[in-house]
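Enquirer: Sharing a structure with you now.
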Amino acid sequence: MAAKIRKGDKVVVLTGRDKGRTGEVFEVRPDAGTALVRGINMVKRHQKQTQAQEGGIISKESPIQLSNVAYVGKDGKPTRVGFKILADGKKVRIAKSSGAEIDG
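In the UniProt record's numbering, the protein residues as written are 1 to 104.
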C-alpha cells in the first residue's frame, strides 16, 4: 500500500501526551507502522560514552504510531490523505478536505 504519511510532511498529533502539537516527519518505518516526528514524543535515554558521542542523559524522539498523526493541509488543519490517478497515469496524494494535491 502506498504511504499516506511521508518524510518531510508536516503532521499534527491526534492522541497522547503531545496531542495538538505539530512537527515534521524525519523518518518513517512502514514495517512497524510508525514515524519519528521532530520534537514530538521525546524520551530520556541514558547514553554510554563512545569515541564519537559523549555520555549522559540525552533526549531523543521515540516512534509514534501513524494512526495517531494526521497530515496538516495548506489551511493549517489536519486532513485525511487519499490518492488520485491523473490523466497521464501518475498517482498523486490529495488532501481529502480540500481536494488539493500534496507536493512530494
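Positions of the beta carbon are idealized from the N, C-alpha and C atoms, including for glycine.
Only a predicted model underlies this, so the values are computations on that prediction, with no experimental measurement involved.
In terms of alpha-carbon separation, which member of K60, T79, Q65 lies closest to M42?
Expert: Considering only alpha carbons, the answer is K60.
Enquirer: From the DSSP output, in three-state form, read off S59 for me.
Expert: In the structure shown, S59 sits in a strand (DSSP, three-state: E or B).
Enquirer: In whole angstroms, what separates the C-alpha of G39 from that of D88?
Expert: Each residue's alpha carbon lies about 39 Å from the other.
Enquirer: Using alpha carbons as the reference points, say which of G56, G73, V11, I57 lies closest to E27.
Expert: Minimum Cα distance to E27 is reached at V11.
Enquirer: Is it true that the region 13 to 30 meets the region 60 to 78, where meeting means three or more beta-carbon pairs spaced less than 8 Å apart?
Expert: The region 13 to 30, when compared against the region 60 to 78, does touch it at the 8 Å Cβ threshold.
Enquirer: Please report the straight-line C-alpha distance between T50 and G23, rounded to a whole angstrom.
Expert: Those two C-alpha atoms are separated by around 30 Å.
Enquirer: Indicate the three-state DSSP secondary structure (helix, strand or coil) for L66 in the structure shown.
Expert: Reduced to three states, the DSSP call for L66 is helix.
Enquirer: To the nearest angstrom, report how far apart G99 and K77 are at their CA atoms.
Expert: Going by the C-alpha atoms only, they are around 13 Å apart.
Enquirer: Closest by CA to D75, which one among V81, S97, K90?
Expert: Ranking V81, S97, K90 by Cα distance to D75 puts S97 first.
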